[in-house]
Amino acid sequence: MDKFRMMFQFLQSNQESFMNGICGIMALASAQLYAAFEFNCPCLPEYNYAYGIGILIIPPFWFFLLGFVLNNNVSMLAEEWQRPTGKRRKDPTVLRYMFCSIAQRSLIAPAVWISVTLMDGKSFLCAFSVQLDLYQFGNGSRHNLSEGELVKLLAKIPCKDIFDGHQVISREAATRYLRCISQAFGWLFLLLMTTVAFMVRAIRPCFTQAAFLKTKYWSHYIDIERKMFDETCTEHAKSFAKICIQQYFESISGEIQSFHNQRSSKKADDSHEDDHKGEEEKLFGIRAQEDMNKVLWNWHTCKPSLNLRNDQLHNGDAPEKMNGLPNGCHTQVPPKKEWVAYYSKV
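So, in structure tokens, the structure goes:
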């Protein structure tokens with residue numbers, strides 16, 4: 493379990509590298525999946541186009557959604573988009589930067605699938621075989637075939653086993669022609685994707701770097717803040733559960749507890765008190781379920797403003813920091829007692 497925990501912590505600390513690795517694995521998986529995929533064109537005029545275009549579009553769309561599902565920042569982006577404004581405004585540029593970062597990684601596997609599919613040419617041949625010009629690949633005579641029979645014959649071109657119109661049209665020439673067009677579109681697609689990626693990287697330094705660094709900084713801040721908040725809640729929940737269980741057993745086993753206290757040494761009592769004090773410090777003074785629910789609700793509806801002042805950092809009993817509630821949230825806060833000290837010059 494310790495090895496798995498260390499691995500999980502390493503993946504959390506290197507989330508960007510981990511997501512890049514996931515995207516690379518998905519890209520390789522898409523290529524291997526297409527290689528293992530058995531393409532069977534229906535060879536029917538009503539279904540050829542739908543099947544060929546569906547193979548070209550539906551799997552990339554699935555890979556794109558899968559990239560969003562596997563990215564942990566999607567939930568963080570949705571939470572930041574839907575949360576109330578409260579004391580902290582939502583920056584659209586930061587949200588846009590987060591969405592673009594997720595989308596760029598999610599587009600790798602679909603781009604690989606589309607490229608491999610177009611280079612192979614089977615789906616393109618299946619989709620557009622009906623639209624071939626018979627006079628370009630045939631002998632110029634339809635052999636008294638009706639329009640419907642001619643369309644059915646053209647639809648059988650992708651299926652080598654059932655094609656029976658060699659005397660009307662050259663299947664080998666038609667197949668090579670459509671596959672050449674498909675490969676040309678594949679190279680154009682790769683060239684377009686590479687050009688877009690190059691333009692994005694080349695044009696970005698031409699704009700102000702201050703705005704880019706600002707959005708990148710606050711994007712990292714939102715991610716780190718969420719992780720640290722989850723870790724703090726986990727520590728608080730562990731301490732709360734531990735103290736609650738200890739109090740429960742102490743309340744129902746008075747005689748057994750008194751018997752053990754008589755036999756235990758003073759050193760054990762001191763260590764128990766130190767552990768209990770350490771768990772108490774992790775509670776941050778929040779010891780009731782209602783108070784914890786109030787803190788969690790206010791964290792969502794009214795997050796503290798990103799303005800750290802020295803008086804709040806060094807003065808731990810500021811009224812706006814009581815019970816973990818940010819300043820400006822409408823929550824009942826117990827009144828603070830005032831103490832007056834009198835000094836004599838005598």
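Position in the sequence shown (first residue = 1) + 492 = my numbering. In this text, a Cβ means the ideal position worked out from N, Cα and C, and glycines have one as well.
For residue 638, count the other beta carbons within 10 Å of its own beta carbon; 16 or more makes it buried, fewer makes it exposed. Which is it? exposed
If the criterion is Cβ atoms closer than 9 Å, does the pair residue 586 and residue 700 meet it? no
Please classify residue 609 as buried or exposed, where buried requires at least 16 neighbouring CB atoms within 10 angstroms. buried
Output yes or no for whether 9 Å exceeds the beta carbon distance between residue 607 and residue 657. no
On a CA-only basis, which of 597, 570, 534, 623 is nearest residue 718? Give me that one, please. 570
For the alpha helix (DSSP H) that contains residue 618, what are its first and last residues? 614-620
Which whole runs of the alpha helix (DSSP H) in the stretch 516-601 are 4 residues long or more, in chain order? 540-562, 565-574, 584-598
Would you call the stretch 648-663 and the stretch 566-585 in contact, with 3 or more CB pairs under 8 Å? no
Supposed contact pair residue 617 and residue 650 - C-beta distance, whole angstroms, cut 8 Å: Sure, about 5 Å apart at Cβ, within 8 Å.
Does the Cβ-Cβ distance between residue 728 and residue 774 come in under 9 Å? Yes, they are a contact pair.
Beta-carbon proximity check, residue 593 vs residue 555, cutoff 9 Å: no
Terminal residues of the continuous alpha helix (DSSP H) containing residue 725? 701-744
For residue 543, which residues from the same chain have a beta carbon less than 7 Å from its beta carbon, with the 5 sequence-adjacent residues on both sides left out? 533, 534, 618
Need the endpoints of the alpha helix (DSSP H) that residue 790 sits in, please. 781-793
Do residue 546 and residue 598 come within 9 Å of each other at the CB atom, strictly closer than that value? no
Same chain, Cβ closer than 6 Å to residue 615, five either side skipped, listed in chain order: 544, 547, 548, 609
Residue 674 (DSSP reduced to helix, strand or coil): helix
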